[in-house]
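The numbering of the sequence shown is the numbering used here, which starts it at 3 and goes up by one. Read the structure below first, then the notes.
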Amino acid sequence: MGRFGFVAVVCVSFWGCSGPGGGDPGTAPDAGGADAGPMEPVVAFPDVWGPGSVLADESDDPDVVEVHLTARNASVSLSADTTLDMMTYEGQVPGPLLTAKVGDEIVVHFTNELDEETTVHWHGLRISDQMDGSPRIQAPVQPGETFVYRFVAPEAGTFWYHPHVRAHEQVEKGLYGTIVIRDADDPEYSLERMVVLDDILLDPDAPGMFPPFLASHPEVMHGRYGNVLLTNGRVSEEARTSATRGEVERWRVVNVANARTMELTVEGATFRVIGVDGGKLREPYTVDRLFVPVGQRYDLEVSYGEAGEARLVSNVATLNDAGDVVEVGIPVLAVDVADSTAAPRIVEWPVLPERPARAEAMTVTMMFEASMDPFGGLRWSINGEEHHEGPLFTFQQGDTVRMRLVNTQGPEHPFHLHGQFFEVVDGGAVPGPQQGLKDTVLVPGLQTVEIVAYLDNPGQWMAHCHILEHAQLGMMTEIVVEPAE
Ligand code: C2O
Ligand code: CU
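Structure below.
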């Protein structure tokens, strides 16, 4: 059970907490042993994932992508010696990649073979609210039933899909998959890899089971932190692949964990950030440590300048035997880099147009607060309301709105707005640049973050904390964007 090394959360809570229970706080997962062997499928598309890892397009029309997608329970192998009963799309975790080009019509014939209702939300895609998987609009798909999602791929980037019914359980149990929308000006790399990072909680004493949900104070307070990191659905320490010196790759990093912000570093290779939630950056940037809150995506350009082993490392706070908080670097992807004398690949970054400046129409404030239910249980709210129904704010299509996101408590909140993009104007204490269009932003404890939202997509849109436990416990509201005449 060495691999269930416990990965603790650093507590910064207003109420204080004793740290998540269970597990052995002293041990980090073993670094991938010599017996880890080649893992299939660990990473990458189009050609490194095995058959079935990309949703097959059944349409003959080059501008239509038509696929079937089924949610069902399946037993999933997370490592050579860990199998878990999970909820899956198409029997695999992550679910298969949905890929299309900008402007394509996408038709997804979705079937629910789970024992409970669900929906599919296309996180980050600016599509019709009727197709967004919001249970406030779409009656959830009952067991045995089907629903056809139909929308147009709005812009290029890395996105993901997941349920929006009891998401704190369904996503934790494995219901998530990735979306790549391509564009004519996407540069060509040696390879593109999906790097889907998850953090799940396993009970070392009851292997193969998910411990109860929302059952501990720390989980209610901070969201569910896990004790096992997964990379593309496999135990991260076994995620190993290969490359060649001089190659340059695009890694599409998605954090699908319930709560844990990933703090990533790269060793043995260099990288720069070339894309975020809303697509490619006009000005890629370099950073030593990349903070990836849940829900966000970062596209990295990774260059292998030397032979040896390159590693993507998740830096995790944990407790040592003396009870002190220390940081442990857990490799989440190892790359054996073969030597080569070939000239390094040169990737031309496209010249992207500047976004036209837009005058701000107004400023609104959202207060992220904790509250108590009548039984003394902890709840989460936005502007004093839990699970607020109806528009918290009504805007007009085309409005440019500054949103002040005020976190009055210690736990952080990755705020996600459906159906729109925004820019971060003031990211609070989150280190590193925050440029580019985003649909999710981290609001650190006791801080105020300011964003400017471009409300171009009419509809009724959920807005919530992407710590799925916080959302489940009330930190969920909606805005309405009225269509322009
Ligand atoms: Cu990825 Cu409403 O969420
Ligand atoms: Cu939250």
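Quick reminder that beta carbons are idealized off the backbone N, C-alpha and C, glycines included.
Going by alpha carbons, who is nearest to residue i out of the options?
| i | options | result |
| --- | --- | --- |
| Q449 | G429, R360, P286 | G429 |
| L457 | T442, G438, E484, V443 | E484 |
| K175 | D207, M196, Q94, V289 | Q94 |
| H125 | V173, H224, D117 | V173 |
| F293 | C467, P165, N317 | N317 |
| T160 | T267, V198, T72, T243 | V198 |
| E308 | A271, H390, A324 | A271 |
| E391 | S61, I139, E60, E92 | I139 |
| A158 | A186, M374, H164 | A186 |
| I1 | A455, R360, L57 | The structure shown has nothing for residue 1, since the chain only spans 3 to 487. |
| V334 | E350, R313, A359 | R313 |
| V258 | L232, D205, V250 | L232 |
| I469 | A208, M211, R168 | R168 |
| G225 | L380, E194, E311 | L380 |
| L419 | F212, H164, T90, G297 | G297 |
| E303 | D117, A76, V69, V268 | V268 |
| Y91 | N75, Q132, E311 | N75 |
| M196 | T320, A155, I129, W253 | W253 |
Pull up the distance between the alpha-carbon of residue i and that of residue j, whole angstroms please.
| i | j | result |
| --- | --- | --- |
| N507 | N234 | Because the chain in this structure spans residues 3 to 487, residue 507 falls outside the shown range and cannot be described. |
| G412 | G447 | 4 angstroms |
| V403 | Y151 | 29 angstroms |
| F417 | S342 | 44 angstroms |
| A465 | L439 | 16 angstroms |
| G281 | F423 | 10 angstroms |
| P22 | P220 | Confidence at P22 is low in this model, with a pLDDT of 34, below 50, so the placement of that residue is unreliable and no value is reported for it. |
| D37 | A82 | Confidence is the limiting factor: at D37 the pLDDT is only 34, short of 50, which leaves the residue's position unreliable, though a coordinate-based value still follows. Cα to Cα, D37 sits roughly 9 angstroms from A82. |
| W463 | I202 | 28 angstroms |
| P64 | G105 | 11 angstroms |
| T84 | A431 | 38 angstroms |
| T410 | E480 | 20 angstroms |
| S305 | E265 | 20 angstroms |
| A336 | E240 | 8 angstroms |
| M477 | S373 | 10 angstroms |
| S383 | H389 | 7 angstroms |
| L216 | N260 | 12 angstroms |
| H164 | T72 | 12 angstroms |
| A455 | G421 | 11 angstroms |
| V250 | G277 | 15 angstroms |
| F273 | G179 | 24 angstroms |
| R284 | W351 | 9 angstroms |
| T365 | L394 | 13 angstroms |
| V1 | R299 | Outside the displayed range of the chain (3 to 487) lies residue 1, so it cannot be described from this structure. |
Can you give me the Cβ contacts of residue i inside the same chain, cut-off strictly under 7 angstroms, excluding the 5 residues immediately before and after it?
| i | result |
| --- | --- |
| V143 | F112, N114, E119, T120, T121, F149 |
| C19 | In this prediction, C19 has a pLDDT of 31, which is less than 50 and means its spatial position is unreliable; what the coordinates show is noted afterwards. Excluding positions up to five away in sequence, the list reads C13, H219, P220, M223. |
| G39 | Note that G39 scores 33 on pLDDT, short of 50, meaning its location in the model is unreliable; the coordinates nonetheless yield the value given after this. Cβ neighbours of G39 beyond the five flanking positions: none. |
| A33 | Only weak support exists for where A33 lies, its pLDDT of 31 falling under 50; the value from the coordinates is given anyway. Excluding positions up to five away in sequence, the list reads E239, P333. |
Please confirm if residue i has its CB atom under 8 angstroms from at least one CB of chain D.
| i | result |
| --- | --- |
| V268 | In summary, chain D is missing from the structure at hand, where a single protein chain is found. |
Can you tell me whether residue i sits near the ligand C2O, meaning its C-beta is under 7 angstroms from at least one heavy atom of the ligand?
| i | result |
| --- | --- |
| H125 | yes |
| G297 | yes |
| H389 | no |
| M89 | no |
| M264 | no |
| M133 | no |
| H170 | no |
| M477 | no |
| M368 | no |
| H111 | no |
| H166 | yes |
| H70 | no |
| H420 | yes |
For residue i, I'd like the list of residues in its chain whose CB is within less than 6 angstroms of its CB, leaving aside the five on either flank, ordered along the chain.
| i | result |
| --- | --- |
| Y287 | V275, P435 |
| G331 | V315, N317 |
| Q399 | P460, V483, P485, A486 |
| L407 | M368, F417, V445, V451 |
| A360 | In the sequence on display, residue 360 carries Arg and not Ala. Excluding positions up to five away in sequence, the list reads T402. |
Suppose the cutoff is 8 angstroms on Cβ atoms and the five residues either side in sequence are ignored; what does the same chain contact list for residue i look like?
| i | result |
| --- | --- |
| Q474 | R168, A169, H170, L216 |
| V109 | S61, V66, V67, E68, V69, V150, Y151, R152 |
In chain order, what are the residue ranges of uninterrupted beta strand (DSSP E) at least 3 long that sit wholly in the segment 414-438? Segments of the beta strand (DSSP E) lying fully in the segment 414-438: 415-419, 423-428.
Could you pull out every unbroken beta strand (DSSP E) segment of at least 3 residues lying fully inside the segment 105-167, listed in chain order? Within the segment 105-167, the complete beta strand (DSSP E) runs of at least 3 residues are 107-114, 123-125, 148-154, 159-164.
Mind listing which residues have their beta carbon within less than 5 angstroms of any non-hydrogen atom of the ligand PLP? Chain order is fine. No copy of the ligand PLP occurs in the structure displayed; its ligands are the ligand C2O and the ligand CU alone.
Quick one: which unbroken alpha helix (DSSP H) runs of 4-plus residues sit fully inside the segment 159-228? Chain order, please. Within the segment 159-228, complete alpha helix (DSSP H) segments of at least 4 residues are found at 169-172, 219-224, given in chain order.
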